[in-house]
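Worksheet: one structure, shown below.
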C-alpha cells in the first residue's frame, strides 16, 4: 500500500499523521487519506478538487505532473509526500 | 459601550480590553502566526468569527462561542466550476480565477434571520450561509450579472466585495460595494440587482466611463443604523454621501488635508457624524506630511475637524485599511489600526487618542466586541 505523509506545517492546522492507504493514483490515495482526516481536504485541494497553487505533491521524490486531475500513478509501496511549494514564500 | 477590541493582523488575532478610564491593554492572541483577514461579532448570539488566509492552504473560517476560549473551524464558500473551456477575464483581459481567494467582508443577517450570514469575497463572489457558516451558497444572480464582468481589481489583483450592508428595516434588502465595481442593491435577497451609484464619479476612468457604475471604486460603504436613509462612502475619488437611501450621492469636496482614504464609520444614531482617515492618494498612500490624523464631520460633511491629539504628528507613515477603523455601539469609542502595526483608541469620539500598540503585525481590521 502507498504511504502518504504531510508536511509538518499542515499538522498545526489539522492532525494528519502519515497513513497507509489503498490507491493506484495520487487522487485515489488522497481520497483515502481524506476519509481518515476529512478536514484536510480543503487545505490541500481547492473547491474544484485541484491541488492548491502553492502546494506540491511528490511520489517517491518526483513532483507529480497532473496537478488538476491528480492522475499520476502510484506504485505499490510508494511514498507520497504533500508539502508547500516554496513559491508560497 | 464596548470594553473589548479584536485586532485582525497579518500574524494573528489580538484581543485588547479596557482596564479603566482611558486605559486599554492587549491581553490575548489567537491564531498567532496566521494571517487573519477580518473578524466579526454576531450580535444575535455573541459568537465571534475569524477569517483566516493561510496562503498555501487557502481561506478558512473559525468561530468561537465562548469569546475566544475555544474555536471551531466552520465551512467556507466554494466558487462554482466555470463552464467547460471558459476562461474568465477581467475588463482588461487578465484572467480571473473562479476560486475563493479571501474573505473580505462578513455580515450577520437581522435578528429575525437567525443563522444567516453574508460573505463578500475576492474575486467578487457574494455568498450566504443559513446555518451559521457551516455551509455556503453563492448568490449566482450577482456572479452571473453581465456587469460583474466589468469589475476590476482595486486594492487587490482581483475584484472583491468589501462591504455588505443588510438594511435594518428589511433583511431582504442588501447593498454591497465592490472594489472596483460600484454599489449594487437587491431588494429580494439576492434574486435581482441594480446599480446605485448615481452622482458618483471616477476621475481616474477614461472620460466616457467616469459615471459608469462599474467604474466606481467605493473603498467602504456604511449606513446609519438609526437613520437608515443616510449612507456614507469613502470612494477612491473622494467622499460621497446619500440622504435619500442610496438613490443618489452627493460628493463632499474641500476636505483637508485630503479627501482620499479607505475607512469610514458613521455614528449609530446621528447620520451627520462620520469619521474618515485621510491619506495621500494613489501614488503614495501615506499620511499627509507624515502626520496621522482623523477627520470628523458633525454636520453631514459641510465641515470637518482634523483630530490629532495623542496621534503621532511627525515621521509617521501609517496607512489604515478599509476595515481597520471601528466605532462601538454607543458611538463614543473609536479605534483604528495601521499597516505599520499601530493601534489607537479614543473614548471621546476622536477628541483624544491613546496608543494601544506600536509593534503589532500589519493590521487588516479592527472590531469592537
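Residue numbers (the working numbering), protein chains in the order written: chain A, 1 to 89; chain B, 90 to 458.
The beta carbon of each residue, even a glycine, is placed where N, CA and C say it ideally should be.
With contact defined as three or more Cβ pairs closer than 8 Å, the stretch 53-64 of chain A and the stretch 394-407 of chain B are not in contact. Neighbours of residue 37 of chain A in chain B, taken as residues whose beta carbon is under 9 Å from its own, are absent, since the nearest beta carbon is some 13 Å off. If you draw a 10 Å sphere on the C-beta of residue 24 of chain A, you find fewer than 16 other C-beta atoms in it, and that means exposed. Taking the C-beta atoms as reference points, residue 4 of chain A is found nearer than 8 Å to residue 82 of chain A. In the three-state reduction of the DSSP assignment, residue 307 of chain B falls in the strand class, which pools E and B. Within a 10 Å sphere around the beta-carbon of residue 323 of chain B sit 16 or more other beta-carbons, which makes this residue buried.
Residue state for residue 433 of chain B is assigned as strand, using DSSP reduced to three classes. A contact between stretches requires three or more CB pairs, one per stretch, nearer than 8 Å, and the stretch 200-219 of chain B meets this requirement with the stretch 232-249 of chain B.
When DSSP reads this structure, residue 171 of chain B sits in no beta bridge, so it has no partner. Beta-bridge partners of residue 80 of chain A (DSSP): A:4 and A:59. In terms of Cβ geometry, residue 265 of chain B and residue 321 of chain B do not form a close pair [threshold 8 Å]. Within the same chain, Cβ atoms closer than 7 Å to the Cβ of residue 396 of chain B are found at 382, 383, 385, 439 and 440, the five residues on either side in sequence being excluded. By the Cβ neighbour-count rule, residue 418 of chain B is exposed, with fewer than 16 other Cβ atoms within 10 Å of its own. A direct Cα-to-Cα measurement between residue 331 of chain B and residue 269 of chain B gives close to 20 Å. Looking at B:230, B:313 and B:352, the one whose alpha-carbon comes closest to that of residue 244 of chain B is B:352.
Per DSSP, the beta bridge partners of residue 384 of chain B are B:365 and B:395.
Under the 8 Å criterion on CB atoms, residue 52 of chain A is classed as interfacial with respect to chain B. Following the DSSP letters along the chain, one finds residue 31 of chain A inside the alpha helix (DSSP H) bounded by residues 26-36.
Going by DSSP, residue 138 of chain B is part of the beta strand (DSSP E) stretching over 137-142.
When DSSP reads this structure, residue 45 of chain A sits in a beta bridge with A:51. Taking a C-beta cut-off of 7 Å against chain A, the contacting residues of the stretch 167-189 of chain B are 167, 168, 170, 188 and 189, listed in chain order. Proximity of residue 162 of chain B to chain A, defined by a Cβ-Cβ separation below 8 Å, is satisfied. Chain B has a Cβ within less than 8 Å of the Cβ of residue 46 of chain A. About 5 Å separates the beta carbons of residue 204 of chain B and residue 219 of chain B, which is inside the 8 Å limit, making them a contact pair. Rounded to whole angstroms, residue 302 of chain B and residue 430 of chain B show a C-alpha spacing of 35 Å.
Within chain B, no C-beta atom comes less than 9 Å from the C-beta of residue 1 of chain A; the nearest is roughly 26 Å away. Residue range 229-232 is occupied by the alpha helix (DSSP H) that includes residue 230 of chain B. Of the residues assessed, residue 142 of chain B falls on the buried side of the cut-off, its CB having 16 or more other CB atoms within 10 angstroms.
In the displayed model, residue 238 of chain B falls within a helix according to three-state DSSP. Contact residues of the stretch 141-152 of chain B toward chain A are 143, 144, 145, 146, 147 and 149 (C-beta to C-beta distance below 8 Å). A buried status is given to residue 305 of chain B, since no fewer than 16 other beta-carbon atoms sit within 10 Å of its beta-carbon. Under the three-state reduction of DSSP output, residue 298 of chain B falls in the helix class. According to the DSSP secondary-structure assignment, residue 195 of chain B is paired through a beta bridge with B:208.
In this structure, A:44 is the residue among A:38, A:44, A:35 and A:27 with its C-alpha nearest to the C-alpha of residue 6 of chain A. Here the alpha carbons of residue 291 of chain B and residue 31 of chain A stand approximately 49 Å from one another.
For a Cβ distance threshold of 8 Å, nothing in chain B lies close to residue 23 of chain A: the least Cβ distance comes to about 22 Å.
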